[in-house]
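Below is one structure, written out as structure tokens; the observations come after it.
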Amino acid sequence: MKVVTGVVGNDIHVVANRLIDLSLRARGFEVFNLGVNTYLEEFFDAVVETGAEILLISSLNGEAEGWGREVKALKAQYKNLDDLIMMIGGNLVVGSGKAEDIVPRYKKYGFDLVCHQVDLNTGLDTLEAFIQERNTP
Amino acid sequence: MSLLQEERKIILNNEFVDTFDFAEVKEFVTNASKDLFISHHFKQKAKDKMLVQPRGGFPTYKKQFALYEFFVEANVDVLPLTIDSNTRLNDYATASKMLRLSEANDVDMLNGYPLVNHGYRTTRKMITHFNKPVSLRHGTPDARLLIETAIASGIFEIEGGPITYLLPYSKNFPLDKAFLYWKYVERVCANYSTLNEPINRESFGPLTATLVPPAITIVIQLLEMLLSLEEGVKSFSVSFAQNGSMTQDIVTGAVLKKLAKYYAEQIDCADAAIHLVYHQWMGAFPTNRDYAEQLINISTVIASMVGADKIITKTREEAVGIPTKEANAKTVANTQYTLRILNGLPNVVDEEEEEILTLEVQAIMQAVFNDAADTLWRKVFNSIKNGIIDVPFSPHIINHNEMITVRDAKKNIRIIKRGNVPIPDRCYAYEKAQCDLTKDTTSIVNDIIHDIGIMQ
Amino acid sequence: MSQTSNQLLIDVGSTYFKVSTNDSIEQHFRDFNKDILDDLLHHCGATINSFAKEDVYICSSANGGLNTLIIGVSNSFSLKYATNIAFNSGINIIDTILYQNIEGYSVPSDLIDVVIIVGTIDSCAGMFGEDLYQYLGKLEYSNIVFVGSEQDAATIEQNIAKVVVLPNIIDNKLHIVEEHLKQYLTNLYQQDIEGKEDIKHLYDITSNQIYPTPYIVNRALPQIDARYSVVNPFILLDIGGATTDIHYSKDLVDDNLVTTNEFDRLVFKKLGVYKSKQSLIFTAKNNEFVYELLMHLKVTENIFDEQSKKATKILMQLAIFLVLCKISHYRKAYINLKFLTINSFVLTGGITKVLSVAEIEDIVGFFYKKILTSEHRPVVVLDSNYDIWTLGVQGDQSCQ
Numbered sequence: 001m002k003v004v005t006g007v008v009g010n011d012i013h014v015v016a017n018r019l020i021d022l023s024l025r026a027r028g029f030e031v032f033n034l035g036v037n038t039y040l041e042e043f044f045d046a047v048v049e050t051g052a053e054i055l056l057i058s059s060l061n062g063e064a065e066g067w068g069r070e071v072k073a074l075k076a077q078y079k080n081l082d083d084l085i086m087m088i089g090g091n092l093v094v095g096s097g098k099a100e101d102i103v104p105r106y107k108k109y110g111f112d113l114v115c116h117q118v119d120l121n122t123g124l125d126t127l128e129a130f131i132q133e134r135n136t137p
Numbered sequence: 001m002s003l004l005q006e007e008r009k010i011i012l013n014n015e016f017v018d019t020f021d022f023a024e025v026k027e028f029v030t031n032a033s034k035d036l037f038i039s040h041h042f043k044q045k046a047k048d049k050m051l052v053q054p055r056g057g058f059p060t061y062k063k064q065f066a067l068y069e070f071f072v073e074a075n076v077d078v079l080p081l082t083i084d085s086n087t088r089l090n091d092y093a094t095a096s097k098m099l100r101l102s103e104a105n106d107v108d109m110l111n112g113y114p115l116v117n118h119g120y121r122t123t124r125k126m127i128t129h130f131n132k133p134v135s136l137r138h139g140t141p142d143a144r145l146l147i148e149t150a151i152a153s154g155i156f157e158i159e160g161g162p163i164t165y166l167l168p169y170s171k172n173f174p175l176d177k178a179f180l181y182w183k184y185v186e187r188v189c190a191n192y193s194t195l196n197e198p199i200n201r202e203s204f205g206p207l208t209a210t211l212v213p214p215a216i217t218i219v220i221q222l223l224e225m226l227l228s229l230e231e232g233v234k235s236f237s238v239s240f241a242q243n244g245s246m247t248q249d250i251v252t253g254a255v256l257k258k259l260a261k262y263y264a265e266q267i268d269c270a271d272a273a274i275h276l277v278y279h280q281w282m283g284a285f286p287t288n289r290d291y292a293e294q295l296i297n298i299s300t301v302i303a304s305m306v307g308a309d310k311i312i313t314k315t316r317e318e319a320v321g322i323p324t325k326e327a328n329a330k331t332v333a334n335t336q337y338t339l340r341i342l343n344g345l346p347n348v349v350d351e352e353e354e355e356i357l358t359l360e361v362q363a364i365m366q367a368v369f370n371d372a373a374d375t376l377w378r379k380v381f382n383s384i385k386n387g388i389i390d391v392p393f394s395p396h397i398i399n400h401n402e403m404i405t406v407r408d409a410k411k412n413i414r415i416i417k418r419g420n421v422p423i424p425d426r427c428y429a430y431e432k433a434q435c436d437l438t439k440d441t442t443s444i445v446n447d448i449i450h451d452i453g454i455m456q
Numbered sequence: 001m002s003q004t005s006n007q008l009l010i011d012v013g014s015t016y017f018k019v020s021t022n023d024s025i026e027q028h029f030r031d032f033n034k035d036i037l038d039d040l041l042h043h044c045g046a047t048i049n050s051f052a053k054e055d056v057y058i059c060s061s062a063n064g065g066l067n068t069l070i071i072g073v074s075n076s077f078s079l080k081y082a083t084n085i086a087f088n089s090g091i092n093i094i095d096t097i098l099y100q101n102i103e104g105y106s107v108p109s110d111l112i113d114v115v116i117i118v119g120t121i122d123s124c125a126g127m128f129g130e131d132l133y134q135y136l137g138k139l140e141y142s143n144i145v146f147v148g149s150e151q152d153a154a155t156i157e158q159n160i161a162k163v164v165v166l167p168n169i170i171d172n173k174l175h176i177v178e179e180h181l182k183q184y185l186t187n188l189y190q191q192d193i194e195g196k197e198d199i200k201h202l203y204d205i206t207s208n209q210i211y212p213t214p215y216i217v218n219r220a221l222p223q224i225d226a227r228y229s230v231v232n233p234f235i236l237l238d239i240g241g242a243t244t245d246i247h248y249s250k251d252l253v254d255d256n257l258v259t260t261n262e263f264d265r266l267v268f269k270k271l272g273v274y275k276s277k278q279s280l281i282f283t284a285k286n287n288e289f290v291y292e293l294l295m296h297l298k299v300t301e302n303i304f305d306e307q308s309k310k311a312t313k314i315l316m317q318l319a320i321f322l323v324l325c326k327i328s329h330y331r332k333a334y335i336n337l338k339f340l341t342i343n344s345f346v347l348t349g350g351i352t353k354v355l356s357v358a359e360i361e362d363i364v365g366f367f368y369k370k371i372l373t374s375e376h377r378p379v380v381v382l383d384s385n386y387d388i389w390t391l392g393v394q395g396d397q398s399c400q
């Protein structure tokens, strides 16, 4: 399966980004890594150009809250992304916050999977489980 | 008037620069105290004394001055001047605003010293007051104005280069432009070098400080050295950071020194002085301050084994944030102490590792030279674009990111996937043979995650 | 870089043509009642006839260039890459369609010279369908080229007559691949000239390929400092009779384009001081700073109706200001330049014969103060002797 990934906005955490890339490849995904400092539009545009089934955005400096609410409106402008699996992971708030508050909020923003301060492998296990569940009739 | 001089006039005619007096600056450099030139210290230093240089930069003149007082008290050899990130992006307007706020509120609103905004007339007072060599640390792709200001201030060592200051820091600054801007820097340094002692240029070997294999580090060091020497620079420092394995550090140092000399001779620049600089561990630091000090101490021992001419230090507060001047000065004093008591070091040579690394570096260098472009900088540009040079964990879009490295059981960094980098087959087989490749790829990824936090 | 052997260089613009030999450069206002070749021969027949065909080099922007329509599947990749390549190939008129919304676009009534279809990387298939073919069925065009996924090429060829298929301009890392499309478009430009009545006779006097002028200019820019003290990063403005060209140093934008050309190009098609005068005035009247600018220049709005030398000057100054607005953060456009790091402004074209450095600096200063609230003042350089295109044409010969 094809995945578009990258780090959003003004965030230069390249090491985490490369590790996500490597881990996804290790699990057999075809990865399109947009790297750090990526705009939201570029993510969706890359999904269109690559035919990716999954979009995995990471955000480590806590600024996701700033753009998270724009995701839904932006995605609505694209006509063929209804089946796209949307996942976000990293540090999703500045300072501390409880996962039980954060996860529903990001789900409301349009993400199917929300991993706040979850380690990489657990996060990707969740993704694989989600895909499997979806594919079982 | 030469074209370079006309270009300099335009660059220095900037609204944030008070009138730049070329004749006065020339006169200042000509008559400057030899003590300000690190190239002079390299020549003078007793064979065994490694120069110690900490890191550090504060926004205001007052705080930078106070930092230097602490350093001098701790018996520093080389003072650092670290530049703030707005200046690195040529955003002098924001730097100016933040400097004013820092001065008014006594809170640091910048992560370094905004040299262009302070100007050379002010900064020179501080540099000449302490009369020690100062090294400029920045990370600027277009450093033309910054370097002019630095030299006019009495800062006669300039760190950086078109590759080492771009690939680790930037996503899309055009690399070809960076080469042209650094060519200007080399020319200005070369011109000033004829007046007094030479200006020293230093490359930034640590790159992304994350699992960069020695072959890549060395190739980039050699290429930046050649790009500098071909413009007339007469004093150059190649550098690298602690790898994580003592053997690999010693081998890296030996091969780097040997090949720097060799390639400098190849372009008829044997008259240039080449030095070796060692960075204490540049990766993730332990949060435990006592452990951090142990790590720093080990780094100093390895630097001595490597035979470095200068060591650049870290602090016990590295994991926490911008270090205080107290912590910074403490490292200097401790490092000087360790160097003083380190005597009778054994001479360690690992011939097999040296041979492998030498072959790797030579193969990559040859591939770069074989590029069809007519200038060295464009050969290097094309080689990076084609993935002949590939820097692990670089955020830059031009970088290939196809090479994969891991640590072997002895913590040497090994190449397990070479991408487009022309690592000779024999060397590649050797590298892979040192690692356990029977593991599945997920556990290799887990190893990489572990390797990045190896010192924590 | 000097002209080593004796050559004749000719640039045919929409308003003027320029003729340059080793010893002299002359320019003439075009007579639109005449065929271009007749017009040229009328003014400089003796000079032209004294050169052999292989020593004559011509570039032209006179026929307005190719009218281009790009159909792509995303703004950040296919449309952006194709637009970048088209501009750098010297194309002036570019309209874009985002494929998913194709049904909402009206069909242009003008003949399109070339349609470019682009979208998805090679590992994707099945992007384009019936809605594309229906749209194309309503469209009048002379050429059509497909530069999308190789897997879609066969279907495209089945459904679109005479389509040219070239390698994808987007590689598997989502990076741009320029060369094939660029070569196609410059060749098409040549064929276009050969097919156009008023300009094709130019091949009677040269045996060399006629290139679009902006293509030549763009290629000359990396060497421009051999002629002028121009300092990177810089922009070059070519305000002509019909269009305005901007060539800008790549480090002035934050684009994720890995290319080997140091400069990119952009055109504003309806900003000119002669053929496009009315649309220039219209744009000016809709800019909130223009009245202040007119006051600053000590004239009133009535200047727009005048036919004096002074009116031309004002119009040119306005053109500079409006173009700068269009590429600054003040107007969100195809690009927004980092104006505060620009060291030099280079101006070429007819404007250098009308405005002085001081008059241009005045406008540039006004722009920085009003729009960017900055004291930054790049150095203004005038390419009054057309050194840049001479440099470009000569560079072309050395490549051959």
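Chains as they are written, first to last, in the working numbering: chain A, 1 to 137; chain B, 1 to 456; chain C, 1 to 400. No residue lacks a Cβ here, since even glycine has one placed at the ideal position from N, Cα and C.
Taking C-beta atoms under 8 Å as the contact rule, D249(B) and L276(B) fail to qualify, at a distance of about 11 Å.
Close CB contacts of M225(B) within its chain, under the 8 Å cut and outside five residues either way in sequence, are with S203, F236, V238, A260, Y263, A264, I274 (chain order). Straight through space, the alpha carbons of G9(A) and H116(A) are spaced by roughly 17 Å. Not a single C-beta of chain C is nearer than 8 Å to the C-beta of G97(A). Ranked by Cα distance from D21(A), the options D451(B), T442(B), Q456(B) are led by T442(B). When secondary structure is reduced to three states using DSSP, H201(C) falls in the helix class. The beta carbon of F29(C) sits closer than 8 Å to the beta carbons of T15, Y16 from its chain, once the five residues preceding and following it are set aside; these are given in chain order.
Residue burial annotation: A73(A) is exposed, with fewer than 16 other C-beta atoms found within 10 angstroms of its C-beta. Contact between I423(B) and I415(B) holds, with the beta-carbon distance rounding to 6 Å and staying under 8 Å. Near chain B, meaning a CB-to-CB distance below 8 Å, the residues of the segment 238-252 of chain C are S249, K250, D251.
Sixteen is the threshold: when 16 or more other Cβ atoms of the shown chains lie within 10 Å of the Cβ of V393(C), as they do, the residue is buried.
At least one CB atom of chain A sits nearer than 8 Å to the CB of K171(B). The C-beta distance from G72(C) to L79(C) rounds to 4 Å, short enough to meet the 8 Å contact threshold.
Between F268(C) and T244(C), the CB-CB gap stays under 8 Å.
By the 16-neighbour rule on beta-carbons within 10 angstroms, V71(A) is buried. By the Cβ rule, the segment 294-313 of chain B counts as touching the segment 328-346 of chain B, because three or more pairs are nearer than 8 Å. Against chain A, the beta carbon of V73(C) has neighbours under 8 Å at V48, E49, listed in chain order. Excluding five sequence positions before and after T358(B), the CB atoms of its chain that fall closer than 8 Å to its own CB belong to V255, K258, L259, given in chain order. Residue state for G89(A) is assigned as strand, using DSSP reduced to three classes.
Listed in chain order, the beta strand (DSSP E) elements of length 3 or more contained wholly in the segment 29-84 of chain A are 30-33, 54-59.
Look at R407(B) here: in three-state DSSP terms it is strand.
Relative to K182(C), the option among A242(C), G195(C), Y215(C) whose CA is nearest is Y215(C). Of the candidates L37(C), L41(C), N232(C), the residue whose Cα lies closest to the Cα of E197(C) is L37(C). Against V118(A), chain B offers no close residue; the least beta-carbon distance is about 14 Å (beta-carbon pairs closer than 7 Å).
Taking a contact as a CB-CB distance under 8 Å, the pair I371(C) and S328(C) counts as one, their CB atoms being some 6 Å apart. Taking 7 Å as the cut-off between beta carbons, the residues of the segment 166-179 of chain C near chain A are I170, L174, in sequence order. Any Cβ of chain C closer than 8 Å to the Cβ of E70(A) would place that residue at the interface, and such an atom is absent. Leaving aside the five residues that flank N385(C) on each side, the residues in its chain whose CB is nearer than 7 Å to its CB run, in chain order, I25. The segment 128-142 of chain B and the segment 159-166 of chain B touch, with no fewer than 3 CB-CB distances between them shorter than 8 Å.
Spanning the alpha carbons of I199(C) and I193(C) requires a straight line of approximately 6 Å. Within the same chain, Cβ atoms closer than 7 Å to the Cβ of V357(C) are found at V380, L382, the five residues on either side in sequence being excluded. The beta-carbon of I117(C) is placed no less than 8 Å from the nearest beta-carbon of chain A. The beta carbon of V3(A) sits no closer than 8 Å to any beta carbon of chain B. Annotation for A264(B): no beta strand (DSSP E) segment contains it, though the alpha helix (DSSP H) segment containing it runs 246-266. Contiguous alpha helix (DSSP H) elements confined to the segment 200-287 of chain C occur at 213-220, 277-285, taking only those with 4 or more residues. Distance check between V219(B) and each of L145(B), K49(B), N117(B), A363(B) places A363(B) closest, using alpha-carbon atoms only.
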